[in-house]
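Data block below; observations after.
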Amino acid sequence: MEQYNHAVNLIKEGNYQEAIAELNKVIAQDKNNAGAFYHLSVARYKMKALDGAITSINKAIDLQPLNADFFAHRGIILHMQKRSKSALLDFDKAVKLEPNNAYRYSSRAFIKANIKDTDGAIADYQKAIELDPDDAIAHNNLGLIQEQTGAWDKAQESYKKSNELVGYEGLNPEKSEVDDLLKEWKKEKEEQEAEQKRIIEENKKKLIAEQNQIQQQGLWGIVKSVFTNKEMFKEFVAFLKNGFKLPSNEEK
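Read in order, the letters of the sequence shown are residues 1 to 252 in full-length UniProt numbering.
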């Protein structure tokens with residue numbers, strides 16, 4: 001158990017290759033350890049070794065065919081392999097296993113939106129909100145799809161509810177220019193990045209993705225983009241609420 005827990009911590013720290021070595025040792029001692037196969041899949045997925053990740057999660061599912069987390073994880077991998085229809089079947093299974101878990105519906109909605117099943121995505125986000133009315137991300141993402149379908153009034157209601165849940169009342173009218181806001185945000189990020197080189201190295205891929213998203217979408221694209229991570233969503237809204245300032249190191 002100690003070796004297994006150590007491997008899980010290695011994954012959290014981003015030491016995927018070491019984690020894989022430790023998990024293989026665990027599996028050598030216990031070939032029926034479904035959790036070890038699952039985390040082996042997670043580590044391989046993080047390393048973009050998707051075929052290996054599928055092989056490992058298939059073994060975990062064989063050992064525990066009623067584990068919703070396993071099906072959801074495999075669904076994510078299949079989606080990344082551009083096999084979204086197969087991924088949807090796994091998310092269907094996860095929903096069936098945990099019909100009262102709001103996150104299962106939100107996850108499936110994300111896949112449905114990607115394959116242009118807007119009605120299905122809307123229905124799933126609505127179900128997720130029914131089960132968890134305080135999920136700001138579900139409200140935000142529902143609003144995005146409603147806007148895409150031309151239901152502007154409904155979209156605004158969803159955005160408003162999302163903003164209320166995170167305590168964000170809207171943009172400061174004195175700083176309403178998107179370009180100005182974007183420049184200030186990027187300036188703040190650059191200043192903090194200079195002071196936190198270690199953190200930048202640990203999160204290099206994430207930061208590059210964020211910067212590309214900023215350049216490609218602009219501020220409003222980020223505000224209304226599909227968020228799948230609650231902390232990322234709250235961090236951006238907090239930036240807006242804080243007068244377009246990132247928290248200082250002391251505040252973190």
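Cβ atoms here follow ideal geometry from the backbone N, Cα and C, with glycine treated the same way.
Check your understanding: Taking DSSP as the reference, what is the three-state secondary structure of R44?
Key -> helix
Exercise for review: Classify L66 as helix, strand or coil using the three-state DSSP reduction.
Suggested key: coil
Check your understanding: Distance, Cα to Cα, E164 vs E22?
Key -> 45 Å
Review point. In three-state terms, what does DSSP make of T149?
Key: coil
**Study point:** Pick from A68, V42, D132 that is closest to E13, judged by C-alpha positions
**Key:** V42
Review point. If we count Cβ pairs, one from each stretch, closer than 8 Å, do we get three or more for the region 120–133 versus the region 101–109?
Key: yes
Exercise for review: Give the straight-line distance between the Cα atoms of Y16 and Q3, rounded to the nearest whole angstrom.
Suggested key: 14 Å
Check your understanding: What's the gap between the Cα of E177 and the Cα of M47?
Key -> Bear in mind that the predicted position of E177 carries a pLDDT of just 47, short of 50, making it unreliable; the figure below should be weighed with that in mind. Looking at the two C-alpha atoms, the distance is approximately 40 Å.
Review point. Would a C-beta distance cut-off of 8 Å place L50 and M80 closer than the cut-off?
Key: yes
**Study point:** Buried versus exposed, by CB contacts within 10 Å (16 or more), A36
**Key:** buried
Review point. DSSP three-state call for D119: helix, strand or coil?
Key: helix
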